[in-house]
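Visitor: Please read through the structure below; I'll follow up with questions.
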């Protein structure tokens with residue numbers, strides 16, 4: 001690429017706008033921007049990753065509180081069957097992973113990944129004094145805070161603040177209608193994308209006067225004049241606030257700018273031929289297919305975020321949760337097959353998380369109420385597959401208010417991902433050192 | 001604190017602010033009419049809406065359907081799986097069609113009905129006592145809840161809370177109807193304290209578990225038509241809640257919750273956040289909560305105080321909020337003096353912009369504020385603006401794919417078209433006589449304020465390059481002003 005190396009969006013915009021709006025066709029500046037800035041990030045990194053070839057993290061939020069016990073079933077445990085007379089999954093139905101644990105029968109996709117050595121399960125993940133509110137618990141997972149601390153920036157937002165001051169907005173992409181709080185950062189980073197085909201300002205033609213006027217409305221100097229004045233891109237479920245004196249207008253200007261900058265790139269990629277792999281029809285599968293397209297398209301994106309709802313199974317859990325888990329397993333399997341076919345699987349790690357697990361005992365409506373610790377799933381070709389973290393005890397004496405006690409702090413999993421996968425020091429991001437797990441081979 | 005706005009500050013700007021917040025915006029003429037009323041009468045016009053007759057008829061299917069149970073049985077007793085599936089699909093199609101009608105019926109009522117404030121409050125409560133079609137499934141129950149919220153919109157909060165709690169849609173959405181005294185379901189018990197009344201930190205896990213027992217017995221009648229108390233399923237033993245022990249019923253617990261000072265705080269704060277500003281200052285919340293308690297939790301009293309208060313008209317309150325999609329659409333329509341788009345077009349827009357009525361994202365309702373905006377839906381707003389103003393010349397490929405299922409059930413594709421707005425009534429010949437006066441008129445009508453200098457400059461350059469202005473240029477200019485950060489504010 002022989003483009004000049006822009007160090008900020010501000011320089012980029014100044015150059016292109018002042019240099020002539022007709023040259024807006026598309027920036028290949030991004031890949032360079034990320035790596036260049038990454039290199040500048042003062043000692044925060046243990047290793048500099050490069051733009052398009054760097055590791056990618058795909059987060060899948062299982063919204064509503066996924067019941068861990070019916071996902072990874074302790075099929076030889078009497079306490080499990082005593083606590084769940086109507087919704088316990090019979091031993092003969094589970095897909096066994098080892099002598100004590102087996103997957104929910106709907107998770108055939110995950111079983112195949114496990115057998116191929118591409119799935120690992122971290123058991124008993126949680127944190128001290130677990131919160132059982134969907135919204136507060138989600139905030140805790142998104143910000144990686146202690147239970148009694150309220151943070152506004154997300155853990156990934158802090159990663160971007162550390163790794164790439166002023167990097168391109170497409171470095172983090174959320175597929176969905178609301179940007180997750182995990183992306184929230186000092187220096188706003190990340191875009192939300194739902195329809196790549198309509199992700200652009202539609203004027204009456206290419207470079208028509210209306211489009212040119214629209215583009216010129218965002219004076220680059222003003223729009224990005226206060227890069228560190230704070231504020232977050234957007235948030236989900238909870239602290240929806242503007243910080244540090246940022247106004248709604250500042251926020252809108254920045255988002256308009258990010259939309260304008262990113263839409264050209266997204267369009268370029270959307271125009272390329274999608275892969276021929278076959279995905280199931282679920283919304284999650286479609287979103288993962290879009291992620292695969294964006295990865296193949298060569299965006300500098302480090303983190304993709306997708307979510308799947310429907311896990312708040314207070315009633316009729318077997319039908320509801322099994323259907324969600326089937327969607328999850330099938331979608332992720334199709335996604336990894338697609339990535340493999342495109343030769344991209346080696347640089348992708350998938351991590352699932354949910355705000356909490358559920359009570360050990362079922363309630364009176366064939367469901368379960370809000371609980372605590374639960375397993376997390378990691379998927380990748382480079383990871384150490386199998387079981388991580390000790391399997392929690394279900395003996396009544398070992399429970400805390402009827403809930404599973406955690407063995408592994410969720411921030412240990414984040415720290416492991418940050419250090420071993422994203423190759424960055426987790427300390428400045430998580431605030432203290434958490435023990436890491438051997439997740440990568 | 002909360003003194004009335006001094007008379008000399010009641011002007012076009014403050015009148016426009018009241019019109020936007022208590023209602024859904026208006027044309028310059030609407031705003032001028034409101035200004036002429038004076039603050040007191042203007043607030044009263046919105047708030048004392050009982051004086052204005054509202055004979056909006058309910059959707060024609062919105063009544064208890066005696067065949068409901070027979071229909072369910074027909075599905076359950078279907079001769080074979082194919083027949084069952086066909087009947088289920090048919091039922092689902094009917095429900096989706098009714099929901100489309102219900103959504104459009106409500107949007108029309110908000111836009112054109114005689115009592116905008118009652119509808120605005122109903123919208124507030126819809127986000128507060130959130131329920132969704134995804135789970136409730138029965139359009140009749142959702143309409144019924146909508147009516148419950150409307151009837152109690154500005155009454156006593158305690159009564160509203162009980163009415164909303166015992167409403168079939170809520171009993172269904174938060175599983176109250178499936179709870180039983182042997183193993184109570186905690187879903188409603190938690191959310192009612194966390195989201196509807198007190199906020200996190202003002203109750204314990206034990207309070208939730210104990211309260212869940214008190215709510216047992218609330219159910220839905222066998223014929224699936226209304227609320228019904230099931231004595232046999234109520235746990236009438238002692239419960240200990242907030243440190244008090246007694247054989248409390250569900251109503252007792254709701255009354256105990258309402259009596260806590262945190263409840264007045266929580267509701268006052270949320271109302272100020274919705275109607276005034278995203279980050280309510282604590283002194284204002286304290287003053288409002290005191291006023292709310294003094295008025296016996298009467299909502300109309302509280303809202304009257306809010307709309308008269310000088311704090312409500314402070315510079316950091318006016319135009320400080322991001323328009324919700326509903327506000328964006330209705331205010332645009334009023335400013336354009338245009339009819340509401342067709343049913344499919346209206347529903348496509350609201351859904352795509354993130355506010356599909358009767359389908360909030362979760363039990364917390366819509367977060368509002370900056371959560372309305374992402375890069376994706378900001379671009380959608382800009383493109384829908386073109387559809388509203390210039391007519392639907394822009395293709396909506398992404399949308400059509402996603403919405404196909406819905407569209408097939410509600411309308412032919414043709415109904416997704418919009419026509420260019422009639423600019424005749426919007427500007428005088430004087431307004432259009434030169435770029436400067438036109439730019440002033442544009443900002444006055446569409447922003448009730450001015451654009452940032454650089455955007456004003458861009459728009460001015462555009463207008464100058466097009467002089468003399470053709471109709472299409474005027475529409476492009478309107479569309480462009482709707483594609484600014486400023487236009488997203490109210």
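Residue numbers (this note's numbering), protein chains in the order written: chain A, 1 to 441; chain B, 1 to 490. C-beta atoms are modelled at their ideal positions from N, C-alpha and C, and glycine is treated no differently.
Locate the beta strand (DSSP E) running through residue 192 (chain A), then write down its first and last residues.
Guide: Counting along the chain, the beta strand (DSSP E) containing residue 192 (chain A) begins and ends at 191 to 193.
Visitor: Could you tell me whether the Cβ of residue 364 (chain A) comes closer than 8 angstroms to any Cβ of chain B?
Guide: Taking Cβ atoms only, chain B reaches closer than 8 angstroms to residue 364 (chain A), which makes this a yes.
Visitor: Please list, in chain order, the residues of the segment 174 to 206 of chain A that have any C-beta partner in chain B closer than 9 angstroms.
Guide: Correct list: 174, 176, 177, 178, 179, 190, 191, 192, 193, 194, 195, 196, 197, 198, 199, 200, 201, 202, 203 and 204.
Visitor: Roughly how many angstroms separate the alpha carbons of residue 387 (chain B) and residue 420 (chain B), rounded to a whole number?
Guide: Their backbone Cα atoms lie some 8 angstroms apart in a straight line.
Visitor: Measuring straight from C-alpha to C-alpha, what distance separates residue 236 (chain B) and residue 216 (chain B)?
Guide: Their backbone Cα atoms lie some 9 angstroms apart in a straight line.
Visitor: Output, in chain order, the set of chain A residues within a Cβ distance shorter than 8 angstroms of residue 497 (chain B).
Guide: Any property of residue 497 (chain B) remains undetermined from this structure, which presents chain B solely from 1 to 490.
Visitor: When DSSP labels each residue in this structure, what does residue 246 (chain A) get in the three-state scheme?
Guide: Looking at residue 246 (chain A) - three-state DSSP - the assignment turns out to be coil, as it is neither helix nor strand.
Visitor: Compare the C-beta of residue 344 (chain A) with all C-beta atoms of chain D and state if any pair is closer than 8 angstroms.
Guide: Of the chains in the structure shown, none is chain D; the protein chains are A and B.
Visitor: Measure from the alpha carbon of residue 293 (chain A) to the alpha carbon of each residue in A:370, A:336 and A:413, then state which is nearest.
Guide: The shortest Cα separation from residue 293 (chain A) among A:370, A:336 and A:413 belongs to A:336.
Visitor: Run through the DSSP bridge pairs and tell me what residue 126 (chain A) is partnered with.
Guide: Note: residue 126 (chain A) sits in a beta bridge opposite A:409.
Visitor: For residue 152 (chain A) and residue 184 (chain A), what's the separation of their Cα atoms in angstroms?
Guide: Straight-line Cα distance between these residues: approximately 7 angstroms.
Visitor: Show which residues of chain B have a CB atom less than 8 angstroms away from the CB atom of residue 259 (chain A).
Guide: Neighbours of residue 259 (chain A) on chain B, chain order: 375, 376, 378 and 379.
Visitor: Against residue 145 (chain A), what residues of chain B qualify as contacts under a CB-to-CB distance less than 7 angstroms, listed in chain order?
Guide: None at all; the shortest Cβ gap to chain B is about 14 angstroms.
Visitor: For the beta strand (DSSP E) holding residue 228 (chain B), just list the boundary residues, first then last.
Guide: 227 to 229 is the extent of the beta strand (DSSP E) around residue 228 (chain B).
Visitor: Expressed to the nearest angstrom, what Euclidean distance is found between the alpha-carbon atoms of residue 190 (chain B) and residue 207 (chain B)?
Guide: Going by the C-alpha atoms only, they are around 9 angstroms apart.
Visitor: Please state the DSSP three-state secondary structure of residue 150 (chain A).
Guide: Three-state DSSP puts residue 150 (chain A) in coil, outside helix and strand.
Visitor: Assign residue 145 (chain A) to one of two classes, buried (16 or more other C-beta atoms within 10 Å of its C-beta) or exposed (fewer than that).
Guide: Classification for residue 145 (chain A): buried.
Visitor: So with Cβ pairs under 8 angstroms, would you call residue 262 (chain A) a contact of chain B?
Guide: Closer than 8 angstroms to some Cβ of chain B, the Cβ of residue 262 (chain A) qualifies, so yes.
Visitor: If you compare alpha carbons, which of B:124, B:252 and B:306 is closest to residue 40 (chain B)?
Guide: That would be B:306, whose Cα lies nearest to the Cα of residue 40 (chain B).
Visitor: When burial is assigned at 16 or more other CB atoms within 10 Å of the CB, is residue 1 (chain A) buried or exposed?
Guide: Only weak support exists for where residue 1 (chain A) lies, its pLDDT of 33 falling under 50; the coordinates are left without a value.
Visitor: Residues in the same chain with beta-carbon distance under 6 angstroms from residue 363 (chain A), minus the five sequence neighbours each way, listed in chain order, please.
Guide: Only 369 meet the Cβ criterion.
Visitor: Label residue 204 (chain B) either buried or exposed according to how many other C-beta atoms from any shown protein chain fall within 10 Å of its C-beta, with 16 as the threshold for buried.
Guide: Result: exposed.
Visitor: Using a Cβ-Cβ cut-off of 8 angstroms, state whether residue 292 (chain A) counts as contacting chain B.
Guide: It does not; no Cβ of chain B falls within 8 angstroms.
Visitor: Along the segment 79 to 101 of chain A, where does the CB come closer than 8 angstroms to a CB of chain B? Name the residues.
Guide: From the segment 79 to 101 of chain A, no residue has a Cβ closer than 8 angstroms to chain B.
Visitor: Against chain A, does residue 321 (chain B) count as a neighbour if the rule is that its beta carbon must be under 8 angstroms from one of theirs?
Guide: Residue 321 (chain B) counts as touching chain A.
Visitor: Determine, for residue 133 (chain A), whether the minimum Cβ-Cβ distance to residues of chain B falls below 8 angstroms.
Guide: At least one chain B Cβ lies under 8 angstroms of residue 133 (chain A).
Visitor: Is there at least one non-hydrogen atom of the ligand FMN closer than 7 angstroms to the beta-carbon of residue 192 (chain B)?
Guide: Among the components modelled here there is no ligand, and therefore nothing to report on the ligand FMN.
Visitor: Please go through the same chain and pick out, in chain order, the residues whose beta-carbon is closer than 8 angstroms to the beta-carbon of residue 227 (chain B), but skip the five residues on each side of it.
Guide: Only 166, 167, 168, 171, 218, 219, 220 and 221 meet the Cβ criterion.
Visitor: Would you give the residue range spanned by the beta strand (DSSP E) that residue 366 (chain B) belongs to?
Guide: Per DSSP, residue 366 (chain B) belongs to no beta strand (DSSP E) and is neither H nor E.
Visitor: Where in the segment 323 to 362 of chain A do unbroken runs of the beta strand (DSSP E), each at least 3 residues long, occur, reported from the N-terminal end onward?
Guide: Runs found: 348 to 353.
Visitor: Kindly indicate if chain A contains any beta-carbon less than 8 angstroms away from that of residue 344 (chain B).
Guide: Chain A, which has no Cβ nearer than 8 angstroms to the Cβ of residue 344 (chain B), makes this no.
Visitor: I need the straight-line Cα distance from residue 390 (chain B) to residue 465 (chain B), nearest angstrom please.
Guide: Using only the alpha carbons, I get a separation of about 19 angstroms.
Visitor: Using C-beta distances below 8 angstroms, list every residue in its chain close to residue 345 (chain A), excluding the 5 sequence neighbours before and after it, in chain order.
Guide: Hits under 8 angstroms: 336, 339, 380 and 381.
Visitor: Give me the chain B residues within the contact set of residue 209 (chain A), using Cβ-Cβ distance strictly less than 8 angstroms, ordered along the chain.
Guide: Simply 462, 465, 466 and 476.
Visitor: For a cutoff of 8 angstroms on Cβ pairs, would you count residue 222 (chain B) as touching chain A?
Guide: So, not an interface residue.
Visitor: Using only CA atoms, which one of B:372, B:469, B:336 and B:479 lies nearest to residue 564 (chain B)?
Guide: This structure does not reach residue 564 (chain B), given that chain B is present from 1 up to 490, and the question cannot be answered.
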